[in-house]
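What the sequence shown shows, in my numbering, is residues 113 to 411, in sequence order.
Okay, structure first, notes after.
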Amino acid sequence: MEDDGWLLESIEKKTGMDREKVLFLVEKKMNEFPSLTKNAAERMIATEMGVLPIRREYKIKDIAEEIKHINLTAIMKRKFEPRTVIVHGRNAKVLRINIEDDTGSIGITIWDENIINKIINESAEGDEISIANAYSRVNKFNNEIELNLGNGSAIAIKKKVDNKPVDSFVAIKDVKDSEKLYRLRGFITRLFSNNVYLVRCDICKKKVDRVCDLHGDKAISKILMISGILDDGLSSIRVSFFDRSARKLLDMSGEEDTIRKINDISYGLIHVEITGSANKFNDNLSINAKDIKPFVYAL
Ligand SMILES: [Zn+2]
C-alpha cells in the first residue's frame, strides 16, 4: 500500500477542510462511481479542488520499504565501482552509489545500463542528483532499505558548483553570452506571476500539462520557476529563478502565499545581489540566477 497521505494533506491545505470532510467527499465519490479505487477517488477530488494530484518529492527519512515511484534530489556522496552479477542466469551490470540529503543517507542499486553509464561518465562525488521513479526495498544482504533504479527510472545530474567567489560586480550592460558566472546587483523592478511552476515529466524531460502522455504521473515534478527584471540603473535584464534560487527569492518577502510574495517583491524595489550565468534566447540575453541575496552596503 502506497502512502497517499500527502494527497489528502494537499487537499486539506488547499481547501481549508478537515480530514473528516475530505474523507467524506472521497467516500461520496466512491459511492457515485463504484469502480473507483480509493486512491483514484482521492485524485478526482484533488483535481476538482485544483490540487495538482502529483506525487511529492521524497526526503530520505520518509523512504519506507516497498514504495514505488519515488522522486528525490540529493547529493551523491559515494560512487562505487560497477560490478557484474548473475540475475536469472544472465550477466547484469549493477552500480551502487550512496546519496545524502538534509534528512539522512541511503544506498542506491542501479540496474539500468543507460543510467549506469551516465553516472560513470558524467557525474562525480559531490554532484547533486535528481532521481525520478525509483522504488525502495530491503537489501537482503544487510537488511537496510535501499533505492533501486530500473529501466523506468531517470536521473538528472547537476554538477557541484564551485563556490569560489566571483570577484567583482559587473554592469548589466557588460553581460555577454558566456560560460562564466556573473555577479550583478540592482533592483528587482518586476516579477512575472504567470506560470510560477514548471510541471515536467522527469523521464522525457518535457514540460507537460498535468500528466505525461507516455509516463502518466509516474515522474511528474513541479518546480518553482519565477522570472523578472533586474535593473542596475543603467540597463536591465531578464532574470530567471529556478527551484532553490526561486525559493530564496520568495523568502525575501514575509507575505504568506506565493503570488502575494511575488507582488510584494515586484513592487518593493528590493536591492539584491545575484550570481548567475547568462543565456541567449532569440537574441535576448537573460540571467539564470544561481543565488540571490539582499545587497548589503559595505561600511
Ligand atoms: Zn514522460
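Here a beta-carbon is modelled for each residue, glycine too, at the ideal position from N, C-alpha and C.
Every unbroken stretch of the alpha helix (DSSP H) spanning 4 or more residues and falling wholly within the stretch 216-266 is given here in chain order: 225-234.
Between residue 397 and residue 287, the gap from beta carbon to beta carbon is short of 8 Å. Residue 214 carries a coil assignment under DSSP once its states are collapsed to helix, strand and coil. By DSSP's assignment, residue 383 forms a beta bridge with 299. If you ignore the 5 residues before and after residue 179, its C-beta comes within less than 6 Å of the C-beta of 248, all in its own chain and listed in chain order. Residue 140 and residue 369 have their alpha carbons spaced roughly 31 Å apart. Only residues of its own chain outside the window of five on either side were considered, and among them 261, 267 have a CB closer than 6 Å to the CB of residue 227, listed in chain order. Distance from the CA atom of residue 293 to the CA atom of residue 399, rounded to whole angstroms, is 10 Å. As for any beta strand (DSSP E) of minimum length 3 sitting wholly inside the stretch 327-367, the runs are 332-343, 348-354, ordered along the chain. A Cβ closer than 5 Å to some heavy atom of ligand 1 marks a residue here, and those residues are 313, 315, 316, 324, 326, 327.
With at least 16 other beta carbons inside 10 angstroms of its own, residue 330 counts as buried. Shown here for residue 163: same chain residues with a beta carbon closer than 6 Å to its own, the five before and five after excluded, namely 122, 123, 126 in chain order. Take the alpha-carbon of residue 221 and the one of residue 384: they are about 43 Å apart.
In this structure, the beta-carbon distance from residue 300 to residue 377 falls below 8 Å. By the neighbour-count definition (other C-beta atoms within 10 Å, threshold 16), residue 201 is an exposed residue.
DSSP places residue 290 in the coil class of the three-state scheme, outside both helix and strand. For residue 133, the enclosing alpha helix (DSSP H) has its first and last residue at 131-144. Rounded to whole angstroms, the gap between the alpha carbons of residue 212 and residue 242 is 12 Å.
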